[in-house]
Every structure is written in C-alpha cells, then in structure tokens.
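Working notes, beginning with the structure itself.
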Amino acid sequence: MYHRAMLSKSFLTSCLGPMLGLAYFLAWMALWPTAQPFWMLPYGLRFGALLLAPMRYWGWLLGAECVASFGIVMNQGAPAGWNGLLFGELPDMLVMAGGLWLVRRFGWQVTLNTPQQMARLLLIVLVLVAATAITDATALTALHRGSDQMLRILGEQLLSHYLAILLLVPLMVMLLQDRLDRGALISLLIDGVLVMLPSMAILLLLSRQAAPEPQFARVLSLAPILYFAFRHGWRGASLAMLVTSVGITLAEHRLGYAPSTASAYLLLAVAGTGAIMLGSATDALRESSAYVAEQNAYMGAVNYHLDQLTGQLRNAARGNLRADENQRRHLAAELHDELGQNITAIQTHVKLAEARLRQAGLEDISSSINTILGHMRRALHRLLDDLRPAVLDEFGLMRALDEGPIRDLLTTAGIAYHTDLYGDPRQLDEDIRTAIYRLAQESATNAVKHSGATEFRLRLRIGKRQGIALALLDLRDNGTGLPARVPRGGRGLQGMRDRVTSLGGDFRLHPQQPGVHLRILLRNSNGGADPSALA
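First residue of the sequence shown? That's 1 in full-length UniProt numbering, and the numbers climb one at a time after it.
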C-alpha cells in the first residue's frame with residue numbers, strides 16, 4: 001500500500017509540470033486577443049505565473065509561452081511577427097525570468113498583507129518593467145526604427161506592462177495563495193452587485209456622450225476602487241480595478257465609444273497603485289486591531305483570574321487575622337481566668353497570713369510579696385490589653401480610642417492626645433473595628449518609643465459611599481519622622497501595611513516634616529474601597 005501511494009504521488013508530481021504548462025498555454029491564448037496598446041494582460045499573466053509557481057516548473061511555463069507565441073506568429077504569417085518574437089518576446093521573457101529568479105533566490109516570499117510587503121512587490125515590478133523596457137529599446141535600435149516611434153512604443157510598453165501586472169498579479173495571489181474566507185467572499189460579491197454594477201452602467205452610459213462626459217465617467221469610475229480598498233482591503237481594490245479596467249476597455253474597443261488616451265490609463269495605474277497600497281494598509285490595520293482585541297480578551301481573562309486569586313489570598317489573610325484575634329482572645333481569657341485568679345488567691349492568702357507574719361516580726365516579707373504581686377497584676381493587665389483590649393469589647397470602638405489604654409499610654413509618656421471621631425462603628429464588621437484599634441495602638445506605641453513627639457492626633461470617619469461602609473483613619477504625630485533610608489516604612493509600619501492589605505484596604509504614608517502621617521482606608525468585605533477618599 002505504501003509503495004502504491006509513493007508511485008501515485010510520483011506520477012502526480014511528474015504530470016504537474018505538463019499540466020501547468022497546458023493551463024498556462026490556454027490562459028495565454030485566451031488573454032492574447034484582449035491585448036491593447038495600453039492593456040497587455042498576457043504580460044501580467046507571465047509575471048504572476050513566474051512569481052507564484054515553483055522554479056522547477058518554469059521550463060514548462062516558458063515553453064508553453066514560446067509555443068503560444070509561435071502559433072500567433074504562424075497565424076500572422078508575416079516577417080514582422082518573427083522579428084517581434086525574436087527581438088521582443090524572447091528578450092522580455094528572459095529578462096523577466098532572470099529578474100524573478102534573483103528575487104526568489106534572495107528568499108522573498110509573496111505576501112501582500114502589509115504595506116511594506118505590497119511596496120516591496122511594486123518596487124520589484126517597477127524594476128523589472130524598466131529592465132524589459134530597456135531590453136525592448138535595445139531591440140528596436142537593432143531593427144533601425146526611428147527614435148520617435150521607439151519612444152512611443154516604450155511608453156506604451158511601460159504603461160501597459162505595469163498596468164497588466166497591477167491588474168492580474170494581486171488577483172492571482174488571492175486565487176492561488178491567499179484566498180478569502182466564505183463570509184468575506186459573500187460580502188465582496190454583494191458589494192460588487194450593489195456598487196460595481198451601477199458604476200459600470202454609469203461609465204457605459206456617459207461614454208456614449210460627447211466630450212467631456214467620457215473623461216468624467218472614467219475619473220468617476222475610479223471612486224469604487226477606493227471604496228473597495230477601504231471595505232475589502234487589497235483584494236477588493238484589485239478586483240474593483242480589474243472590473244473598472246475591463247469596463248473602460250469594453251467601452252472603447254468593443255462598443256465603439258470615444259477612445260481613451262494614455263493619460264486615462266496612466267490615471268488608472270496611479271489610482272490603482274494608491275488603492276492597492278491603501279487596501280494593504282487597511283488589511284494590516286484590521287489584522288492589528290483583531291490582534292489587539294484578542295490580546296485584550298486574553299488580558300481580561302488573565303486579570304479576572306488574578307482578581308480571583310487576589311480575592312482568595314485576601315480571604316486567606318483575613319482568615320489568618322481572624323484566627324490570630326481569636327487566639328489572642330482565647331489566650332487573654334485563659335490568662336485572666338488562670339493567672340489572674342491565682343494572683344488574687346495568693347494575695348488573699350498573704351492577707352490572711354499577715355497577722356501571723358506580724359507576730360513573727362516578718363511584716364517586710366508580707367509587704368514585699370504584695371508589691372511583687374502588684375507588679376505582676378499590672379504586667380498582666382498590660383499583656384491582656386495587648387492581646388485583646390477589654391475596653392474594646394466592653395465600651396466599643398469609639399470609647400476605646402478616646403478613653404482607653406491608648407490615651408493612658410500617651411499621657412504617661414507626656415504626649416498630648418487629640419481625637420476627632422465621627423460615624424457609627426456598627427456599620428463595620430468586627431475585623432475592621434479590631435484592625436482600626438490595632439492600627440491606632442501600634443501607631444501610638446511607635447510615637448512613644450521612637451518619635452519623641454509631643455502631640456499625637458487621631459481622626460476617624462465612618463460612613464457609606466455607594467452602599468459600602470468605609471472607615472478613613474488618619475494618624476499623625478509631630479515627632480522626628482522616619483529615617484531617610486527606610487523606603488517603605490519601618491518600626492512596625494510594615495506590619496500595619498500588611499494588616500491593611502489583608503483586609504483589602506489602602507495604606508498611604510504621607511511625607512510630613514516633622515512627624516509621621518498615615519492615612520488608611522478600610523472597607524467592609526462586601527465592597528471595594530474608593531481610593532479617591534485617600535486623596
């Protein structure tokens with residue numbers, strides 16, 4: 001089976017060259033009767049075939065063209081035909097084949113989807129058309145023709161050859177290499193019926209009139225080319241230009257209307273070049289827009305996934321804070337119940353034993369024990385306040401901030417404490433209320449230990465914005481401020497920042513001299529913070 005498949009593939013490969021040669025021969029013979037002084041479509045067919053076909057099949061293509069040209073010469077039966085074949089067709093063919101061979105050897109790929117690629121193709125076309133024109137000029141000189149006739153023929157060949165390539169090569173690329181999808185093809189056909197048919201009807205109608213209506217009609221017929229360039233890219237522009245060119249030629253040489261001058265075909269070539277470049281730029285812009293839209297959709301999906309991960313991490317951090325507070329509460333309860341009761345029991349036993357110690361002359365031992373127990377009780381109270389301030393549970397957030405241990409701490413350190421409290425803390429969940437107290441406590445502790453401040457101000461605003469409960473906490477002192485080498489804060493500030501971030505809030509450290517200024521925005525877990533509140 002494998003051997004049979006290989007033989008079948010080898011047979012198809014060996015037959016492909018003759019089949020391409022036959023198809024090229026038939027296409028050449030079909031286009032030759034349409035040749036006009038400014039409209040040489042067989043030349044465009046040769047350029048497109050050599051540009052797109054593998055070089056191993058060039059011999060079949062060039063041989064088929066030689067056979068077709070020989071048949072045309074035999075049909076003409078005139079020596080001038082042989083001279084045209086020897087001094088016109090063969091040099092043109094060899095020059096074009098040599099030029100395209102060099103282009104293919106340098107690895108240029110035929111793609112027309114960007115303006116740069118289209119401009120490169122047009123540059124190659126101009127160079128090869130100029131080269132063949134120089135070849136024809138040399139041949140005409142060899143035939144001893146007049147210079148005026150030679151210049152006229154060269155001008156016709158330059159224009160007709162360039163226009164033929166412009167008309168056929170993009171169409172061949174579209175049909176053989178870069179096909180339209182079904183939707184784009186249907187849209188192109190619909191626009192062809194709705195736009196090109198009326199345009200051609202107007203062209204034929206005005207071409208029957210006296211001058212200057214025919215010239216006006218030819219200029220007007222170029223407008224659909226620009227429309228198709230915007231609408232369908234370079235493919236639409238090339239098809240519209242081919243249809244317009246066929247309409248102009250049909251009006252002149254088949255219907256007997258007023259003939260066009262070289263300027264009309266030159267205008268068609270210039271407009272067609274601009275339209276194809278415009279269409280290529282339109283295709284590149286659409287492709288770029290589609291790529292940007294695809295990347296935006298991808299980035300949107302990635303951002304959505306990141307938002308989900310951020311939410312999960314925030315929930316985990318919030319759970320850790322809640323677990324930490326619960327552990328603190330449990331530990332505080334245990335210390336209060338166990339250690340506090342034991343200290344109380346020891347004090348009771350010492351009090352009961354005071355009479356006997358006094359009788360034994362050991363009053364100083366009783367006093368020392370009571371002093372040590374007093375220090376232990378005060379240390380226990382400070383520890384319990386750090387673990388879970390009882391004032392927060394007993395009196396609520398506002399009284400805890402205004403009258404609780406924070407004021408005692410600052411007053412003992414000789415720092416004036418000013419509060420400005422507004423709002424209903426019941427709008428906030430327990431995690432937020434606890435975080436506010438912890439942040440104020442940590443900031444006051446930093447001010448006492450490190451700042452050397454004489455004033456500490458706490459401002460708290462609680463309210464709702466768009467149905468979301470927000471708390472704006474402003475903390476500042478007039479101390480020495482932060483050292484210059486601490487880029488993200490220090491002395492407990494990083495822990496405060498982490499606590500705020502885990503709750504989905506916003507932490508801002510504002511430069512202020514003297515002192516430290518913190519603005520913190522916290523929100524309930526059912527909504528997002530509004531960063532504008534921190535401005």
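Glycine is no exception: its CB is placed at the ideal position from the N, C-alpha and C atoms.
Burial state of residue i, where buried means 16 or more other Cβ atoms lie within 10 Å
{"i": "N342", "result": "exposed"}
{"i": "P42", "result": "buried"}
{"i": "E89", "result": "buried"}
{"i": "P115", "result": "buried"}
{"i": "F507", "result": "buried"}
{"i": "S451", "result": "buried"}
{"i": "G300", "result": "exposed"}
{"i": "M118", "result": "buried"}
{"i": "I436", "result": "buried"}
{"i": "V243", "result": "buried"}
{"i": "Y417", "result": "buried"}
{"i": "N296", "result": "exposed"}
{"i": "D393", "result": "exposed"}
{"i": "T132", "result": "buried"}
{"i": "N524", "result": "buried"}
{"i": "L100", "result": "buried"}
{"i": "M19", "result": "exposed"}
{"i": "R235", "result": "buried"}
Helix, strand or coil at residue i [DSSP, three-state]
{"i": "D506", "result": "strand"}
{"i": "F456", "result": "strand"}
{"i": "T480", "result": "coil"}
{"i": "I415", "result": "coil"}
{"i": "Q359", "result": "helix"}
{"i": "Q441", "result": "helix"}
{"i": "G21", "result": "helix"}
{"i": "D181", "result": "coil"}
{"i": "G467", "result": "coil"}
{"i": "L401", "result": "helix"}
{"i": "N303", "result": "helix"}
{"i": "F230", "result": "helix"}
{"i": "L493", "result": "helix"}
{"i": "N342", "result": "helix"}
{"i": "L203", "result": "helix"}
{"i": "P531", "result": "In this predicted model, P531 has a pLDDT of only 43, less than 50, meaning its place in the structure is not dependable; the value taken from the coordinates is given anyway. Reduced to three states, the DSSP call for P531 is helix."}
{"i": "L90", "result": "helix"}
{"i": "Q109", "result": "coil"}
{"i": "A269", "result": "helix"}
{"i": "P115", "result": "helix"}
{"i": "P224", "result": "helix"}
{"i": "A53", "result": "coil"}
{"i": "L409", "result": "helix"}
{"i": "G192", "result": "helix"}
{"i": "G59", "result": "helix"}
Cβ shell of residue i (< 8 Å), same chain only, five flanking positions each side left out
{"i": "V169", "result": "G44, F47, G48, L51, L121, V125"}
{"i": "W39", "result": "S160, L163, A164, S245, T249, Y265"}
{"i": "A379", "result": "none"}
{"i": "F25", "result": "A64, E65, V67, A68"}
{"i": "R56", "result": "G17"}
Cross-strand partners of residue i (DSSP beta bridge)
{"i": "Q36", "result": "W39"}
{"i": "H517", "result": "R476, H510"}
{"i": "R433", "result": "DSSP output for R433 lists no bridge partner at all."}
{"i": "L421", "result": "L460"}
{"i": "L522", "result": "A471"}
Own chain, CB closer than 6 Å to residue i, minus 5 neighbours either side, in chain order
{"i": "G233", "result": "G279, T282, D283"}
{"i": "G396", "result": "none"}
{"i": "G247", "result": "M200, L203"}
{"i": "D474", "result": "R459, R519"}
{"i": "A413", "result": "V448"}
Close-in-space but distant-in-sequence residues of the same chain around residue i (CB under 7 Å, 5 per side omitted)
{"i": "S199", "result": "S221, P224"}
{"i": "P37", "result": "E156, S160"}
{"i": "G21", "result": "W60, L61, G63, A64"}
{"i": "Q441", "result": "I406"}
{"i": "H510", "result": "H517, R519"}
{"i": "R182", "result": "none"}
{"i": "L176", "result": "L52"}
Fill in: Inter-stretch contact at 8 Å, needing at least 3 Cβ pairs: the region 225–235 / the region 267–277
yes
Worksheet entry | Any 3 or more C-beta pairs closer than 8 Å across the region 457–465 and the region 422–433 | yes
Worksheet item: Are the region 471–483 and the region 505–519 in contact at 8 Å, needing three or more beta carbon pairs?
Response: yes
Worksheet item: Is it a yes or a no for the region 306–321 touching the region 275–294, going by three-plus beta-carbon pairs under 8 Å?
Response: no
Practice prompt. Flag this pair as touching only if the region 51–66 and the region 91–102 have three or more C-beta atom pairs under 8 Å; answer yes or no.
Written response: yes
Discussion item. Could you check whether the region 441–458 touches the region 409–421, counting it as contact only if at least three pairs of C-beta atoms, one from each stretch, sit closer than 8 Å?
Written reply: yes
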